[in-house]
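Peer 1:
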Amino acid sequence: VIEIPHDYKEGTDLTFHVHFGINDAPSGTDNVKWALIYTVARAGETLADATTIYKETAIDTQYESYRSDFTAITGTSFKIGDQFLFTITRITADGDAFGGEALVHTLGFHYVSNTLGSAEIATK
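So the sequence shown is numbered by our numbering: it starts at 783 and just counts up by one.
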């Protein structure tokens, strides 16, 4: 779970990415596919059904670090302090699936910051 940061500019998008590495040698150019399953929670409201987005990344070098960038999640209704509930999981790639382990290094996200007012409180 990630809380929408207090400097988030409400109504803008979130873009998630996963950094990962592989310890086994690929068979040439193989693919690793990730699924990001998410929903957003807000105090006093019922959770919406989860949404899944996918990203497949070509890999070709053992021990290299890779990054998979998911498509933007449109945030027209996101508010500061909303709880972004998610699961990141690896699934079988559509083409030339990599047979070894893909180890997650970190998961990150990009967002637009609001530079007006305080970053300490939700009201600006």
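Every residue, glycine too, gets a C-beta built ideally from N, C-alpha and C.
Taking the beta strand (DSSP E) that residue 829 falls in, what are its first and last residues?
Peer 2: Taken as a continuous stretch (DSSP letters only), residue 829 belongs to no beta strand (DSSP E), as it is neither H nor E.
Peer 1: How would you call residue 864, buried or exposed, if buried means at least 16 neighbouring beta carbons within 10 angstroms?
Peer 2: buried
Peer 1: Using CA atoms only, rank isn't needed, just tell me which of 812, 797 and 836 is closest to residue 873.
Peer 2: 836
Peer 1: Report the start-end ranges of each alpha helix (DSSP H) in the segment 800 to 882 that is 4 residues or longer and not cut off at the edges.
Peer 2: none
Peer 1: Is it a yes or a no for the segment 785 to 794 touching the segment 841 to 853, going by three-plus beta-carbon pairs under 8 Å?
Peer 2: No, the segment 785 to 794 does not touch the segment 841 to 853.
Peer 1: Just checking: is the beta-carbon of residue 837 within a distance shorter than 8 Å of some beta-carbon in chain C?
Peer 2: Reference to chain C is not applicable here, since this structure consists of a single protein chain.
Peer 1: In the structure shown, what three-state DSSP assignment does residue 785 receive?
Peer 2: strand
Peer 1: From the DSSP output, which residues share a beta bridge with residue 888?
Peer 2: The partner list for residue 888 (beta bridge, DSSP) reads 801.
Peer 1: Can you give me the Cβ contacts of residue 892 inside the same chain, cut-off strictly under 6 Å, excluding the 5 residues immediately before and after it?
Peer 2: 797
Peer 1: Could you check the C-alpha separation between residue 833 and residue 890 for me, to the nearest Å?
Peer 2: 18 Å
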